[in-house]
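Below is one structure; the comments refer to it alone.
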Amino acid sequence: PVDRTTFTGERLLAGAEDGVYRSADGGRTWSLAGLEGCAVLALEVSPTDGNVVVAATTRPAAVYRSADRGATWSRVDSFNSAPGADTWGVPSVPGAAPGPRSNARAHTIAFDPQDGERCWVGVEVGGLAGTDDSGESWWTVVPGNNPDVHAVVADPTQQGRLYLSAGFGRLSDEPREQRSAGMFGSN
Numbered sequence: 030p031v032d033r034t035t036f037t038g039e040r041l042l043a044g045a046e047d048g049v050y051r052s053a054d055g056g057r058t059w060s061l062a063g064l065e066g067c068a069v070l071a072l073e074v075s076p077t078d079g080n081v082v083v084a085a086t087t088r089p090a091a092v093y094r095s096a097d098r099g100a101t102w103s104r105v106d107s108f109n110s111a112p113g114a115d116t117w118g119v120p121s122v123p124g125a126a127p128g129p130r131s132n133a134r135a136h137t138i139a140f141d142p143q144d145g146e147r148c149w150v151g152v153e154v155g156g157l158a159g160t161d162d163s164g165e166s167w168w169t170v171v172p173g174n175n176p177d178v179h180a181v182v183a184d185p186t187q188q189g190r191l192y193l194s195a196g197f198g199r200l201s202d203e204p205r206e207q208r209s210a211g212m213f214g215s216n
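Residue numbers for the sequence shown follow our numbering, beginning at 30 and rising by one.
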């Protein structure tokens, strides 16, 4: 199944369970175009440079960047060194490799509409990772004390303001009804 599609000006890109697919004919035909073997949950094009595309993947959570509209991809290794990244992941997933991060999901991406160097990546279960310098360095937060981020959107009218949705978080054995979930907004 396709998880996300985006338009890069001349072609469509789609994230799928086995990589990124590209169509140059309006979606009539598709070919595997990169990140083979990666489950791609999110694709976003920079609002200030249409050549730059960022992809978020799962198991383990990772971020990839393309500077040529998805023709080639480079792993953003600094994402894996974000504060707390060594603890990201869904506990007790049957069939997952042992160890932290093995089953974490980089689930969603949002760019600042006015600043293409600033973007945020929602991690299930890990919180929100952000960069202000195109991925050279990252910071992390856990909105509403809930690390189970599923979607993040940048407000197009207020620079730096975000909205996100979160699930019930799964970092502890706390009963589900005692955990927070829902929509969060930044200040």
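Ideal placement from N, C-alpha and C gives every residue a C-beta, glycine not left out.
For residue 188, which option in 152, 102, 214, 106 has the closest C-alpha, if you only look at C-alpha atoms?
-> Counting from one through the sequence shown, the residue named residue 188 turns up at place 159. Checked all of 152, 102, 214, 106; the closest Cα to residue 188 is 214.
Check whether the stretch 132 to 152 touches the stretch 173 to 193, taking contact to mean three or more Cβ pairs, one atom from each stretch, closer than 8 Å.
-> yes
Going along the chain, which residues of its own chain have a beta-carbon closer than 8 Å to the beta-carbon of residue 157, five neighbours each way excluded?
-> For the purposes of this step, residue 157 is identified with residue 128 of the sequence shown, where counting begins at 1. For residue 157, where only same-chain residues beyond five positions count, the Cβ hits under 8 Å are 149, 150, 151, 169, 170, 171, 172, 178, 181, 191, 193.
If you draw a straight line from the alpha carbon of residue 146 to that of residue 161, how long is it in whole angstroms?
-> What you label residue 146 is simply residue 117 of the sequence shown in a count that begins at 1. What you label residue 161 is simply residue 132 of the sequence shown in a count that begins at 1. Their Cα atoms are separated by approximately 6 Å.
If you compare alpha carbons, which of 75, 66, 184, 61 is closest to residue 87?
-> For the purposes of this step, residue 87 is identified with residue 58 of the sequence shown, where counting begins at 1. Of 75, 66, 184, 61, the residue nearest in Cα terms is 66.
Measuring CB to CB, does residue 74 end up less than 7 Å from residue 85?
-> For the purposes of this step, residue 74 is taken as residue 45 along the sequence shown, with counting starting at 1. For the purposes of this step, residue 85 is taken as residue 56 along the sequence shown, with counting starting at 1. Cβ distance not < 7 Å, so residue 74 and residue 85 don't count as in contact.
Per DSSP, cross-strand counterpart(s) of residue 213 | Counting from 1 along the sequence shown, the entry for residue 213 is found at position 184. Bridge partners of residue 213: 193.
By the 10 Å Cβ neighbour count, where 16 or more other Cβ atoms means buried, how is residue 60 classified, buried or exposed?
-> In the sequence shown, residue 60 corresponds to position 31, counting from 1. Residue 60 should be labelled exposed.
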